[in-house]
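One structure is given here, and the rest of the page talks about it.
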Amino acid sequence: MTGLLEEWRRTHYTKNINVNLVNKEIIVMGWVHEIRDLGGIIFVLIRDRDGLIQVTAPSKEIEAELLSQIRKLKKESVVAIKGTIQESSRAPNGVEIIPNTIKVLNEASQPLPMDPTDKVRAEIDTRLDSRFIDLRRANVNSIFKIKSKMLHSTRTFFEENGFLEVNTPKLVASATEGGTELFPITYFEREAFLGQSPQLYKQIMMSGGFDKVYEIAQIFRAEEHDTLRHLNEAISIDMEASFIDDIDAMDTLEKLVNKVIVDVTVDCKDSLKTLDKELLLCECPFERLDYDDAIDMINSKGVEIEWGEDLSRAAEKALGGMMEGYYFLTGWPTEIKPFYVMPNKKHPEKSHAFDLMYKDIEISSGAMRIHQHEMLVEKITEKGLNPDSFDSYLKAFDYGMPPHSGWGLGADRFTMSLTGVNNIRETVLFPRDRRRLTP
Ligand code: ATP
Ligand code: MG
2 MTGLLEEWRR THYTKNINVN LVNKEIIVMG WVHEIRDLGG IIFVLIRDRD GLIQVTAPSK
62 EIEAELLSQI RKLKKESVVA IKGTIQESSR APNGVEIIPN TIKVLNEASQ PLPMDPTDKV
122 RAEIDTRLDS RFIDLRRANV NSIFKIKSKM LHSTRTFFEE NGFLEVNTPK LVASATEGGT
182 ELFPITYFER EAFLGQSPQL YKQIMMSGGF DKVYEIAQIF RAEEHDTLRH LNEAISIDME
242 ASFIDDIDAM DTLEKLVNKV IVDVTVDCKD SLKTLDKELL LCECPFERLD YDDAIDMINS
302 KGVEIEWGED LSRAAEKALG GMMEGYYFLT GWPTEIKPFY VMPNKKHPEK SHAFDLMYKD
362 IEISSGAMRI HQHEMLVEKI TEKGLNPDSF DSYLKAFDYG MPPHSGWGLG ADRFTMSLTG
422 VNNIRETVLF PRDRRRLTP
């Protein structure tokens, strides 16, 4: 039985076509990237996911019908081309295809909504409106190849280190940390919310005896941000582990970051080159800067900030100007961290919370958590929240909750650091922000 595509199947991606295939017949499938008709000879560049290949049609050697078919090709139409590989010193990869059959699988309408070649620089909004075409550009799809590798490498890291992958609900009854950053939804006859973090669930799993868990999933935040590093839907890489403290959690995080850097460097050479980005390993342990010292450093740059305040954008920028690559900020004031963060025993105004920074952006927050029921109720109350609404969470702390720690790493922000792009929208296929809900 044959299907709709009959015997037509791609034999090679363009990146795998080289001089070893000279005189062989192959089939490529992709998009018409460019056509140059010089009369006596027509050059067509075919693009697939990984690159370009030149199809060369000298009018003397190609039969008239095929030649006229090539002349009629439209930019960005989807084609399959069967042809023979020939060496060519002038072609981009040293080889070209002399066509013998062309099948137009789907013709592209003209004019195109935007130029898919990298020659024209369109505004991000125009690009996102026509994301399907924008994604055809090498520098754009390189970001997603790197993101894909980062996620794969992350999963491998967790699996190799004995973590279980879990899935927690994204439809939730109440806020994780209080505050107003939740999207309300209608849940039958009740109000519910989209989850802003798997925090409370991954903690409950520690009481469930799972020991080491991770989750890679969507988080939703209704903050009305319009910044280059906030979206309303983001991907969080979360981990939680029992019988470890904040120092262990930081160790795990920096090992993960370095593994991802190695894997991306080895497996995404072409993408990094396209983006003109070089990744450097950070020596372990990553620098750990105490919040108190960070405040002094920021003030020394003339940016005013008082002890106890969260870092403003100006403060982050000042700090980023003085720090290289990845570094931890530790010893955060208890007051500005969520209720579940463990305060320091000797100096309860300080906590066992940390942030992982890359230059001037926060890419992860983590902490040792409070595992004692009473202290937790106290902290929830101090934050002006009602312990009753945390009933099903608090119950898990009564019957054998081990000490535990963990972090949440923003996958999109991490991708920014791996690709060098400065707008988080570049790292998300279909970003959701204050103004954008389509495509
Ligand atoms: P920020 O202070 O930068 O707004 P946050 O401290 O509110 O971030 P956390 O609650 O600590 O964020 O979330 C953990 C991680 O998730 C962050 O370090 C970040 O990488 C990512 N993250 C959080 N909110 C967003 C968002 N709105 N868009 C993209 N990533 C986010
Ligand atoms: Mg944070």
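Numbering (my numbering), first residue to last: 2 to 440. Using N, Cα and C, we set each Cβ at its ideal position, and we do this for glycine too. Predicted model, so just to flag it, every value in this text is computed and none were measured.
(1) Is the closest heavy atom of ligand 1 to the C-beta of H226 under 7 Å?
(2) Identify the residues that DSSP records as bridge partners of E35: which are they?
(3) Would you mind giving the Cβ-Cβ distance between T85 and I99, rounded to the nearest angstrom? I have them listed as a contact below 8 Å.
(4) Quick check on H348: buried or exposed, where buried means 16 or more other Cβ atoms within 10 Å of its Cβ?
(5) Helix, strand or coil: which one does DSSP assign to P199?
(6) Could you name the residues, in chain order, whose CB is less than 6 Å away from a heavy atom belonging to ligand 2?
(7) Do L320 and I299 have their CB atoms nearer than 8 Å?
(8) Quickly, what does DSSP pair N168 with across the bridge? List them, please.
(9) Please determine, among H13, W9 and R426, the residue with the shortest C-alpha to C-alpha distance to H226.
(10) Using beta-carbon positions only, say whether C283 and V258 come within less than 8 Å of one another.
(11) Is the Cβ-Cβ distance between V96 and L74 less than 8 Å?
(12) Span of the alpha helix (DSSP H) holding A445?
(13) Which ranges would you report for the alpha helix (DSSP H) in the segment 243 to 290 if only whole runs of at least 4 residues count?
(14) Return the CA-CA distance between E310 and I337, expressed in angstroms with no decimal places.
(15) What first and last residue would you give for the alpha helix (DSSP H) that runs through I337?
(16) Could you tell me which residues DSSP pairs with K104 in its beta bridges?
(17) Taking only three categories from DSSP, how would you classify T57?
(18) Using 7 Å as the cut-off, classify the Cβ of D135 as near or not near the heavy atoms of ligand 1, replying yes or no.
(19) Just reading off the beta strand (DSSP E) that L357 is part of, what are its end residues?
(20) If you reduce the DSSP assignment to three classes, tell me which class E66 lands in.
(21) Could you tell me whether any non-hydrogen atom of ligand 1 is closer than 7 Å to the CB of L152?
(22) Which residues does DSSP pair with A193 in a beta bridge?
(23) Check M207 in the structure and name its three-state DSSP category.
(24) Checking 8 Å against the spacing of the C-beta atoms, do A412 and L152 come in under that value?
(25) Under the assumption that G196 contacts I220 (Cβ atoms under 8 Å), give the Cβ distance between them as a whole number of angstroms.
(26) For G163 and T157, I'd like the C-alpha separation in whole angstroms.
Quick answer:
(1) Reading the sequence shown from its first residue, position 225 is the one you call residue 226. H226: yes, Cβ under 7 Å from ligand 1.
(2) Here residue 35 refers to the residue found at position 34 when the sequence shown is read from its first residue. According to DSSP, which records beta bridges pairwise, E35 is partnered with L46.
(3) Taking the first residue of the sequence shown as position 1, residue 85 is located at position 84. Taking the first residue of the sequence shown as position 1, residue 99 is located at position 98. About 5 Å separates the two Cβ atoms, so the contact holds.
(4) Within the sequence shown, numbered from 1, the residue matching residue 348 stands at position 347. Flag for H348 reads exposed.
(5) Translated into positions along the sequence shown, residue 199 becomes position 198. In this structure, P199 counts as coil in the three-state DSSP scheme.
(6) D356, E363 and S366
(7) As a working mapping, residue 320 is identified with position 319 in the sequence shown. As a working mapping, residue 299 is identified with position 298 in the sequence shown. Inclusion of L320 and I299 in the CB contact set at 8 Å is warranted, their separation being smaller than that value.
(8) For this step, residue 168 is matched to residue 167 along the sequence shown. DSSP lists no partner for N168.
(9) Numbered from its first residue, the sequence shown carries residue 226 at position 225. Nearest of H13, W9 and R426 to H226, Cα basis: R426.
(10) By 1-based counting over the sequence shown, the position of residue 283 is 282. By 1-based counting over the sequence shown, the position of residue 258 is 257. Yes, the Cβ-Cβ distance between C283 and V258 is below 8 Å.
(11) Along the sequence shown, one-based indexing puts residue 96 at 95. Along the sequence shown, one-based indexing puts residue 74 at 73. No. Outside cutoff.
(12) Within the shown structure, residues of the chain are numbered from 2 to 440, placing residue 445 beyond reach of any answer.
(13) Taking only runs of at least 4 residues, the alpha helix (DSSP H) segments lying wholly in the segment 243 to 290 are 247 to 268 and 270 to 275.
(14) Locating residue 310 in the sequence shown gives position 309, where the first residue counts as 1. Locating residue 337 in the sequence shown gives position 336, where the first residue counts as 1. Answer to the nearest angstrom: the Cα atoms are 7 Å apart.
(15) Within the sequence shown, numbered from 1, the residue matching residue 337 stands at position 336. Counting along the chain, I337 falls outside any alpha helix (DSSP H), and DSSP gives it neither H nor E.
(16) As a working mapping, residue 104 is identified with position 103 in the sequence shown. Answer is A81, bridged to K104.
(17) Along the sequence shown, one-based indexing puts residue 57 at 56. In the structure shown, T57 sits in a strand (DSSP, three-state: E or B).
(18) Numbered from 1 along the sequence shown, position 134 holds the residue referred to as residue 135. Checking every heavy atom of ligand 1 against the Cβ of D135, none is found closer than 7 Å.
(19) Here residue 357 is taken as the residue at index 356 of the sequence shown, counted from 1. It spans A354 to Y359 - the beta strand (DSSP E) in which L357 sits, taken as one unbroken run.
(20) Taking the first residue of the sequence shown as 1, we reach residue 66 at position 65. In this structure, E66 counts as helix in the three-state DSSP scheme.
(21) On the sequence shown, residue 152 is found 151 positions in, with the first residue counted as 1. Incorrect: L152 has no Cβ contact closer than 7 Å to ligand 1.
(22) Residue mapping note: residue 193 aligns to position 192 of the sequence shown, counting from 1. Beta-bridge pairing links A193 to I186.
(23) Along the sequence shown, one-based indexing puts residue 207 at 206. It is helical.
(24) Mapped onto the sequence shown, residue 412 falls at position 411. Mapped onto the sequence shown, residue 152 falls at position 151. Yes, these two residues count as a Cβ contact at 8 Å.
(25) Working through the sequence shown from its first residue, we reach residue 196 at position 195. Working through the sequence shown from its first residue, we reach residue 220 at position 219. Right, the Cβ-Cβ distance comes to about 7 Å (below 8 Å), so this counts as a contact.
(26) If you number the sequence shown from 1, residue 163 lands on position 162. If you number the sequence shown from 1, residue 157 lands on position 156. Each residue's Cα considered, the two are about 10 Å apart.
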